[in-house]
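J.:
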Amino acid sequence: MLRTHTCGELNLKDVDKEVVLSGWVQRIRDKGGLIWIDLRDRYGITQLLMEEGRSDAKLIEIARNLGREYVIQASGKVIERVSKNPKIPTGEIEIDVTRLKILNNSKIPPFTIEDQTDGGEELRMKFRYLDLRRNVLKENLMLRHKLSLESRKYLDSQKFVEIETPYLIKSTPEGARDFVVPSRMNQGEFYALPQSPQTFKQLLMVAGYDRYYQLVKCFRDEDLRADRQPEFTQIDCEMAFVEQEDVLNTFEGLMHYLFKEVKGLELPVFPRMSYDEAMRRYGSDKPDLRFEMEFVELNDLTKNHGFSVFDDAELVVGINAAGCADYTRKQLDQLTDFVKRPQIGAKGLVYVRWNEDGSFKSSVDKFFDSETLKQWAEAFGANPGDLLLILSGETNKVRVQLSALRLEMGNMLGLRDSSVYSPLWVTDFPLLEWNEETGRYHAMHHPFTAPKPEDAHLLESNPGDVRANAYDMVINGVEIGGGSIRIHDRELQKRMFHVLGFTEEDAQNQFGFLMNAFEYGAPPHGGIALGFDRLAASFAGKDSIRDFIAFPKNNSGRDLMIDSPSTISQEQLDELALKIVLQNKE
Ligand code: ASP
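Counting from 1371, one number per residue, gives the positions in the sequence shown under our numbering.
(1) If I measure Cβ to Cβ from Y1579 and keep anything under 7 Å in the same chain, skipping five residues before and after, which residues do I get?
(2) Would the C-beta of I1898 count as close to ligand 1, meaning under 7 Å from any of its heavy atoms?
(3) Does any heavy atom of ligand 1 sit closer than 7 Å to the C-beta of S1854?
(4) Measuring from the CB of S1566, is there a heavy atom of ligand 1 at a distance below 7 Å?
(5) Could you check whether the Cβ of Q1771 sits closer than 7 Å to any heavy atom belonging to ligand 1?
(6) Let me check one thing: in DSSP terms, what residues is A1562 bridge-paired to?
(7) Out of F1799, H1895, P1657, L1563, which has the shortest C-alpha to C-alpha gap to P1552?
(8) Pull up the DSSP beta-bridge partners for M1843, would you.
(9) Could you give the first and the last residue of the continuous beta strand (DSSP E) run that contains F1570?
(10) Could you name the residues that DSSP lists as bridge partners for Q1486?
(11) Rounded to the nearest angstrom, what separates K1571 and G1545 at their Cα positions?
(12) Looking at H1815 and ligand 1, is the gap between the Cβ and the nearest heavy atom below 7 Å?
(13) For the region 1401-1480, list the alpha helix (DSSP H) runs that are entirely contained and at least 4 residues long, ordered along the chain.
(14) So what's P1935 in DSSP terms, helix, strand or just coil?
(15) Do M1625 and V1617 have their CB atoms nearer than 8 Å?
(16) Please classify H1895 as buried or exposed, where buried requires at least 16 neighbouring CB atoms within 10 angstroms.
(17) Pull the bridge partners of P1922 from the DSSP assignment, please.
(18) Tell whether a beta-carbon distance below 8 Å holds between L1957 and R1837.
(19) From the DSSP output, read off the bridge partner residues of W1394.
(20) Go ahead and pull the three-state DSSP assignment for D1835.
(21) What residue range is occupied by the uninterrupted beta strand (DSSP E) comprising S1762?
(22) Should V1452 be labelled buried (16 or more other beta-carbon atoms within 10 Å of its own) or exposed?
(23) Near E1421, which residues of its chain fall below 7 Å by C-beta distance, leaving aside the five closest residues on each side in sequence?
(24) If distances are taken between C-alpha atoms only, which option among Q1599, Q1771, Y1811, N1690 comes closest to P1754?
(25) Please list the terminal residues of the continuous alpha helix (DSSP H) segment that includes D1681.
(26) Per the DSSP calculation, C2039 is bridged to which residue(s)?
(27) Measure the alpha-carbon distance for R1786 versus N1839 and round it to whole angstroms.
(28) If we count the other Cβ atoms within 10 Å of its Cβ and call it buried at 16 or more, is I1407 buried or exposed?
(29) Just the Cα atoms here: how many angstroms apart are Q1771 and V1576?
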């Protein structure tokens, strides 16, 4: 037997037991004839003890030649420790070792396998299997496992059926870029990896499965950001015979269940907010509701005072940073620099300090007297000691800019506590958004999302005004998932493709299978997909999803460990009848 127990389970109750443990050597201390080894496995660390003179000489010799990360097997008796370690569950005992066997040796690892490691990001990605030995990552993956298990339990209890859909599908240009896979048996033709199982889950509804789910990999060839991965996991779901309300309640239920089971937390009822309202009040379709700092629009109070910046602006809007009137000039300059960064792109920042003594000091004193500034402050519901931060410009742009500033202020003031969870539903998204580059409308969610019935008549005449039965689940300013009620009527789907600029032929070529299916009794249906990696990160109060994926890619989409992507052999290319011509490379 290679082990009788794990390294995380023995305690005082086990004293005097003869045990066998196996694991990795975390640390060796050799002091005046006493040798201690910290033996680690997935479950924890148990201390091994050997003593020169008392323990077998051969044993001491083996112990002295061990290195970090050697895999060993130790047999011996559980004894009570003299100096106990209250920080770990096995801290009151140690093993008086009688046999030691090296199961495998190890090179010296390129970084220390400790909670605080000395390894840089690149190195740790390259030796991911060593990084995964560290507690931090181990706990992340355990959390992920628990979340997937509990999600399955809940969905099963709600009569959802897990059904797998194919990974080799057909490329469709709508949405993000596809990853494609050449077909050997059909030379010159390509599969695409699914950006999501969207059409398949809808077909499952036509097939009558009623409630489908799948923890599924999705692939999108997009430019990467810290919180994006080219392949990621969704909890993907679809339901038939439902309205939006049913979907929201079912998945709010899932979140309540998960937070309860996994974190022991009772989430509140999720507030609902329309897209328009979210944009107006927070400048974002994923507002962080852990703090208020709501937008206040000041057009009426700012126009016609000779300040052309405001006079020419479509929108003048600000936030109140309560208690920040004592910000120094330098701090205000830093905030101005922040909003002027190219990623944010504001031209400047107007501030108004309402000093504790009741006086006002602003960056626009030349144009506005104290009386007017006081009116602004009152519009914010501000108090002496508060600081107003105001931006102006084109409505959509300025809202996004102010939203970035609001989040920055939230960070600076410590209002974005990672142990607090503020969920909400954002609903009534626009169905379409205008794309300047292509000069046409694109589906904001995807082309299968249904317009609100009361707006459907505007589809051709006023597409930009059509709202969708689409919704996002947002927690702490992060979009955890989104979905919609779908079109299940062939004619409406046809109109939708038409508005999106598809010719009838293109629509038939690409999505004929779905539109045809709609002719065989498609039930009303809708669904949602939650970003599972992101959900896991958010449960841990972390931003980066990479630490919640066992083998992630880096920012250039590379797997540094297996060194992928890579070239393939001429033989493989020949089989696929592919010839590589790199156009933009020397
Ligand atoms: N397939 C959609 C997505 O991946 C989610 C949904 O509409 O259910 O965003």
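We put the CB at the ideal spot given by N, CA and C, even for glycine.
T.: Well, looking at it:
(1) Cβ-Cβ distances below 7 Å link Y1579 to V1531, I1533 in the same chain, with the five nearest sequence neighbours on each side left out; the list follows chain order.
(2) Indeed, a heavy atom of ligand 1 lies less than 7 Å from the Cβ.
(3) Yes, the Cβ of S1854 comes within 7 Å of a heavy atom of ligand 1.
(4) Result yes, Cβ under 7 Å from ligand 1.
(5) It does not: the Cβ of Q1771 is nowhere closer than 7 Å to a heavy atom of ligand 1.
(6) Answer is I1539, V1550, bridged to A1562.
(7) Comparing C-alpha distances from P1552 to each of F1799, H1895, P1657, L1563 shows the shortest one belongs to L1563.
(8) DSSP, once it has assigned bridges, lists W1795, G1851 as partnering M1843.
(9) For F1570, there is no enclosing beta strand (DSSP E); the enclosing alpha helix (DSSP H) has its first and last residue at 1568-1576.
(10) DSSP links Q1486 through a beta bridge to no other residue.
(11) Distance between the alpha carbons of K1571 and G1545 is about 17 Å.
(12) Yes - ligand 1 has a heavy atom lying nearer than 7 Å to the Cβ of H1815.
(13) Here the runs fully enclosed are 1427-1434.
(14) Residue state, collapsed to three classes: coil.
(15) With respect to V1617, M1625 sits apart: the two C-beta atoms are not nearer than 8 Å.
(16) So H1895 counts as buried.
(17) Partner(s): none; P1922 has no beta bridge.
(18) Residue numbering for the chain in the displayed model covers 1371 to 1956; residue 1957 lies beyond these limits and cannot be assessed.
(19) The partner list for W1394 (beta bridge, DSSP) reads R1410, V1441.
(20) Residue state for D1835 is assigned as helix, using DSSP reduced to three classes.
(21) Counting along the chain, the beta strand (DSSP E) containing S1762 begins and ends at 1757-1763.
(22) Exposed is the call here.
(23) The beta carbon of E1421 sits closer than 7 Å to the beta carbons of G1403, L1404 from its chain, once the five residues preceding and following it are set aside; these are given in chain order.
(24) For P1754, the closest of Q1599, Q1771, Y1811, N1690 by C-alpha to C-alpha distance is N1690.
(25) Here the alpha helix (DSSP H) through D1681 covers 1678-1681.
(26) Beyond the ends of the chain as shown, which are 1371 and 1956, falls residue 2039; an answer cannot be given.
(27) Distance between R1786 and N1839, taken at the CA atoms: about 30 Å.
(28) Its Cβ being crowded by 16 or more others within 10 Å, I1407 is buried.
(29) In this structure, the straight-line span from the alpha carbon of Q1771 to that of V1576 is close to 43 Å.
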